[in-house]
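*Asks:*
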Amino acid sequence: MDILQLIVSGLANGCVYGLIALGFVLIYKATEAVNFAQGDFMMLGAFITLGFTNTDYIGLPFWISVILAIGLMGILGYLLDLVVLRRMFGQSQVAMVILTIALGFVIRFIAGAIWGHEPQALESPIAGVDVRFGGLVLGMDEVVIIVVTVILTILLYLFFIRTKLGVAMQAASQNQLAAYYMGIPVKRIHSLIWALAGIVAAIAGILFASKGTIDPTAGLLGIKAFAAAVIGGFGSLPGALLGGLVVGLIEPFAARYLPAGYSQIAPYLLLVVMLIVRPHGILSQIQTKKV
Amino acid sequence: MSTNGTNPLLKVDNLESYYGPIMAIRGVSLEVNQGQIVTVLGANGAGKTTLLKTISGVMDPEKGTVSLSGSAIQGSSPDSIVNQGMVHVPEGREIFPILSVEDNLKMGAYTRTNRAEVASDLKLVYEYFPILEERRSQEAGTLSGGQQQMLAIGRGLMAKPRIMLLDEPSLGLSPLLIKEIFTIIRRLNREQNVTMMLVEQNAKVALDVAHYGYVLELGRIVMSGEAGKLQQSKDVQEFYLGVQQETQRGQRRWKQRKTWR
Ligand SMILES: Nc1ncnc2c1ncn2[C@@H]1O[C@H](COP(=O)(O)OP(=O)(O)O)[C@@H](O)[C@H]1O
Ligand SMILES: [Mg+2]
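If you're matching them up, the sequences are chains A and B in order.
Just so we're aligned, residue 0 is where the first sequence starts under numbering that gives the first Met the number 0, counting upward by one.
Just so we're aligned, residue 0 is where the second sequence starts under numbering that gives the first Met the number 0, counting upward by one.
#1: Can E138/B and P89/B be called in contact, C-beta distance under 8 Å?
#2: Under the three-state reduction of DSSP, which class applies to R248/B: helix, strand or coil?
#3: So is A177/A in contact with chain B if we call contact Cβ pairs under 8 Å?
#4: What three-state label does DSSP hand Q73/B in the structure shown?
#5: For K159/B, does the three-state DSSP call read helix, strand or coil?
#6: Looking only at its chain, what residues have a beta carbon closer than 6 Å to the beta carbon of A227/A, apart from the 5 residues adjacent to it on each side?
#7: For the beta strand (DSSP E) that S68/B lies in, which residues bound it at each end?
#8: So, is the C-beta of A239/A closer than 8 Å to a C-beta in chain B?
#9: Going by beta-carbon coordinates alone, are A29/A and M168/A separated by less than 8 Å?
#10: Output the boundary residues of the alpha helix (DSSP H) element that contains S8/A.
#11: Counting only beta-carbon atoms, is R135/B nearer than 8 Å to chain A?
#12: Keeping to the same chain, check which residues put their C-beta closer than 6 Å to that of R248/B; ignore five residues upstream and five downstream.
#13: Between which two residues does the alpha helix (DSSP H) harbouring R131/A extend?
#14: Applying the 10 Å Cβ sphere with the 16-neighbour rule, what's the burial state of R134/B?
#15: By the 7 Å beta-carbon criterion, what residues does the segment 178-197 of chain A contribute toward chain C?
#16: Fully enclosed by the segment 124-189 of chain B, which alpha helix (DSSP H) runs are 4 residues long or longer?
#17: Any contact between the segment 180-200 of chain B and the segment 94-111 of chain B? By contact I mean 3 or more CB pairs, one from each, below 8 Å.
#18: So who's on the other strand from I24/B, going by DSSP bridges?
#19: Could you please give me the residues that DSSP links to Y213/B through a beta bridge?
#20: Please confirm whether any heavy atom of ligand 2 lies closer than 7 Å to the CB of T48/B.
#21: Who are the Cβ neighbours of G44/A in its own chain at under 6 Å, not counting the five residues just before and after it?
#22: Is it true that the CB of K47/B sits closer than 8 Å to the CB of V198/B?
#23: Taking 8 Å as the CB-CB cut-off, is V290/A touching chain B?
#24: Could you spell out where the alpha helix (DSSP H) holding L135/A opens and where it closes?
#25: Does the distance from the C-beta atom of I72/B to that of V11/B stay below 8 Å?
#26: Shorter than 8 Å from the beta carbon of R185/B to some beta carbon of chain A?
#27: Got a sec? Which residues, its chain only, sit under 6 Å from A253/A by beta carbon, not counting five neighbours each side?
#28: In angstroms with no decimal places, state the Cα-to-Cα distance between Q236/B and V100/B.
#29: What number of angstroms, rounded off, separates the C-alpha of I100/A from the C-alpha of V93/A?
#30: Answer yes if the segment 113-131 of chain B comes into contact with the segment 69-86 of chain B, meaning at least three C-beta pairs across the two stretches below 8 Å, and no otherwise.
#31: The alpha helix (DSSP H) that contains G95/A, what's its start and end?
#32: If you count every other CB in all the chains shown that lies within 10 Å of the CB of S169/B, and 16 or more means buried, which is it?
#33: Cα separation between R186/B and I188/A?
#34: Would you say E110/B lies against chain A (beta-carbon separation less than 8 Å)?
#35: Going along chain B, which residues have a C-beta under 7 Å from N34/A?
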């Protein structure tokens, strides 16, 4: 029973890491840039929801706040690409990395200025509720996180393989030049992928905030999610989720069975081991070009 | 091929393109009439790819005009040019390697909205390239070079082009496959009325299917004429068809200068 609870709470954390990792990989695959502000996007999504729904702020109904936050984060992602990143087109990757790191600082600062630096709890209907499966007591929040992640994964999967836009996104990330030749509007597709990354980050943020508190530094979780993305195979969407789950599962067990102090480094230790034994990650997607 | 006194479908006038300070296209003018296959021959580095990229909007010209059915398209974005009926089948196939064959083809129709028409064009492509239908759900990256070239042409057809720009479709293929592909190019031209601008190093096969030809060297057109006439030209024979000319003394005239210089 105890082990099961550990697994469930590990999976729930892993889902959040996995969703943030998914954001990293989405943007990386499409634009070959790494968005180091992805974790801060997550934090911002959580705070926007909190700002709309908590009674201390606006006090809108929870579900309306969720929809507003997801929509706003999508628009923010789109505009960020349209207004800022598109101008960086052709710049070195280092410039992009620095820009997104700086962006992360800006988001943290803005969130602190609006909502303060103290940890706050999101007033969500799933917080603090228990569900029982036989003798097993699980937090409603954890169950919801896992279910929502599964549903989101299925929806994203269907989007990418069934819709014209989704296939075009894949096409543009596999061969950008060919996409141009076919008249696929690659720049708009990039903006839409940033929008999608914003949406996924918002959902991750809401899930994250509903199982604890949130403060402006919560985005630093992004580093762990980045490790998860690398472990899973940077460039593979299923790999990102899997990497997130692996990291999420390792943590509670490391905390339980390793001496205090070692558990926090477990994910990074795994990262180092992975980089040595399987540098392209669990689900690597290395393509060689055929002539 | 007579022009019937009508305007050419594609007209390129005094086009100049640069890579940074390097001038790759140096004032090229040419015409492609409706229904024709026009070839541009040139050695490696002559500027063939750059010329096609500039025409299809992937690159912007520094000077000059490109007009399609009389309207200027130079500097437009590739998607608007595809929409106006011109599609570019790039050098080296440039397929989407981990999309299925069918998804690759569907991406060729990205700018089109009429689903029924797209579906019937997919059928048409499969009629011309049955192997693609056989492999429709396979990842395109697993196809052989010849099949990938077929896919690239098929994907181009999915845009329902009035004119197709083909960049070295013979590159890296066996003589047998080249023959197969060029037969299909000719059929598409005749049966589907797709005008073709075909860029090639392989002058022999290109002049075989083409109606008219240009010779491009170092970014300039140095010669042009009916395909039959070019085939007869000594310079084209020597430098592009690999025919060795004998002198009275029986030696190869290895120092011969091209007369167009
Ligand atoms: N991306 C590039 N940057 C700089 N120079 C280039 C680039 N691509 C081609 N060139 C140069 O432009 C000229 C024409 O190249 P290209 O159009 O590819 O010739 P072709 O297709 O006939 O082989 C060559 O001298 C080549 O070195
Ligand atoms: Mg070329």
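Heads up, the beta-carbon is just placed ideally off N, CA and C, and yes, glycines get one too.
Fair warning: this is a prediction, and the values are worked out from it, not measured in the lab.
*Replies:* Taking the structure as given:
#1: As a working note, residue 138/B is residue 139 in the second sequence. As a working note, residue 89/B is residue 90 in the second sequence. Their beta carbons are not under 8 Å apart, which means E138/B does not touch P89/B by this criterion.
#2: Here the question's residue 248/B lines up with position 249 in the second sequence. Note that R248/B has pLDDT 49, beneath the 50 cutoff, so the model's placement of it is unreliable and the number below is only indicative. DSSP places R248/B in coil when its eight states are reduced to three.
#3: One-based indexing of the first sequence puts residue 177/A at position 178. Yes, its Cβ sits closer than 8 Å to a Cβ of chain B.
#4: In the second sequence, the residue the question calls residue 73/B occupies position 74. Q73/B: coil per DSSP, three-state reduction.
#5: By one-based count along the second sequence, residue 159/B stands at place 160. The answer is coil: DSSP assigns K159/B none of H, G, I, E or B.
#6: As a working mapping, residue 227/A is identified with position 228 in the first sequence. Y16, A20, G242, G243, V246, listed in sequence order.
#7: Position 69 of the second sequence, counted from the first residue, corresponds to residue 68/B. Element bounds for S68/B: n/a, residue is neither H nor E.
#8: Start at 1 with the first residue of the first sequence, and residue 239/A comes out as number 240. So, not an interface residue.
#9: In the first sequence, the residue the question calls residue 29/A occupies position 30. In the first sequence, the residue the question calls residue 168/A occupies position 169. Yes, the pair counts as a contact, with Cβ atoms nearer than the cut-off.
#10: Locating residue 8/A in the first sequence gives position 9, counting from the first residue. Here the alpha helix (DSSP H) through S8/A covers 1-30.
#11: The residue labelled residue 135/B in the question sits at position 136 within the second sequence. R135/B does not count as touching chain A.
#12: If you number the second sequence from 1, residue 248/B lands on position 249. Note that R248/B scores a pLDDT of 49, beneath 50, so its modelled location is shaky and nothing firm can be said.
#13: Locating residue 131/A in the first sequence gives position 132, counting from the first residue. R131/A -> not in any alpha helix (DSSP H); beta strand (DSSP E) instead, spanning 129-132.
#14: On the second sequence, residue 134/B is found 135 positions in, with the first residue counted as 1. Burial call: buried.
#15: Annotation note: the requested chain C is absent from the structure, which comprises protein chains A and B.
#16: 129-133, 144-156
#17: no
#18: Counted from its first residue, the second sequence places residue 24/B at position 25. In DSSP, I24/B forms a bridge with S16/B.
#19: The residue given as residue 213/B occupies position 214 in the second sequence. Answer is V39/B, S223/B, bridged to Y213/B.
#20: For the purposes of this step, residue 48/B is identified with residue 49 of the second sequence, where counting begins at 1. Checking the Cβ of T48/B against ligand 2 gives yes.
#21: Taking the first sequence and counting its residues from 1, one reaches residue 44/A at position 45. For G44/A, where only same-chain residues beyond five positions count, the Cβ hits under 6 Å are A68, M72, A200, A201, G204.
#22: Locating residue 198/B in the second sequence gives position 199, counting from the first residue. Locating residue 47/B in the second sequence gives position 48, counting from the first residue. Cβ distance < 8 Å, so V198/B and K47/B count as in contact.
#23: Within the first sequence, residue 290/A is the residue found at index 291, counting from 1. Low confidence applies to V290/A: its pLDDT is 34, below 50, so where it sits in the model is not reliable, and the reading given next is rough at best. Yes, because at least one Cβ of chain B sits closer than 8 Å to the Cβ of V290/A.
#24: As a first step, residue 135/A is located in the first sequence; it is residue number 136 there, counting from the start. Premise fails: L135/A lies in the beta strand (DSSP E), 135-138, not in any alpha helix (DSSP H).
#25: Numbered from 1 along the second sequence, position 73 holds the residue referred to as residue 72/B. Numbered from 1 along the second sequence, position 12 holds the residue referred to as residue 11/B. No, Cβ-Cβ distance for I72/B and V11/B is not below 8 Å.
#26: One-based indexing of the second sequence puts residue 185/B at position 186. For R185/B, the answer is no, since every Cβ of chain A falls outside 8 Å of its Cβ.
#27: Translated into positions along the first sequence, residue 253/A becomes position 254. The residues are S262, A265.
#28: In the second sequence, counting from the first residue as 1, residue 236/B sits at position 237. In the second sequence, counting from the first residue as 1, residue 100/B sits at position 101. The alpha-carbon atoms of Q236/B and V100/B are separated by roughly 39 Å.
#29: As a first step, residue 100/A must be located in the first sequence, where it is residue number 101. As a first step, residue 93/A must be located in the first sequence, where it is residue number 94. Near 11 Å, if we compare the C-alpha coordinates of V93/A and I100/A.
#30: no
#31: Numbered from its first residue, the first sequence carries residue 95/A at position 96. Sequence check: residue 95/A is Met here, not Gly. M95/A -> alpha helix (DSSP H) spans 92-114.
#32: Indexing the second sequence from 1 puts residue 169/B at position 170. Its Cβ being crowded by 16 or more others within 10 Å, S169/B is buried.
#33: Taking the first residue of the second sequence as position 1, residue 186/B is located at position 187. Taking the first residue of the first sequence as position 1, residue 188/A is located at position 189. Rounded to the nearest angstrom, the two C-alpha atoms are 35 Å apart.
#34: Position 111 of the second sequence, counting from 1, holds the residue named residue 110/B. The sequence given here places Thr at residue 110/B; Glu does not occur at that position. Chain A, which has a Cβ nearer than 8 Å to the Cβ of T110/B, makes this yes.
#35: Mapped onto the first sequence, residue 34/A falls at position 35. Within 7 Å Cβ-Cβ: nothing; N34/A doesn't reach chain B, min ~23 Å.
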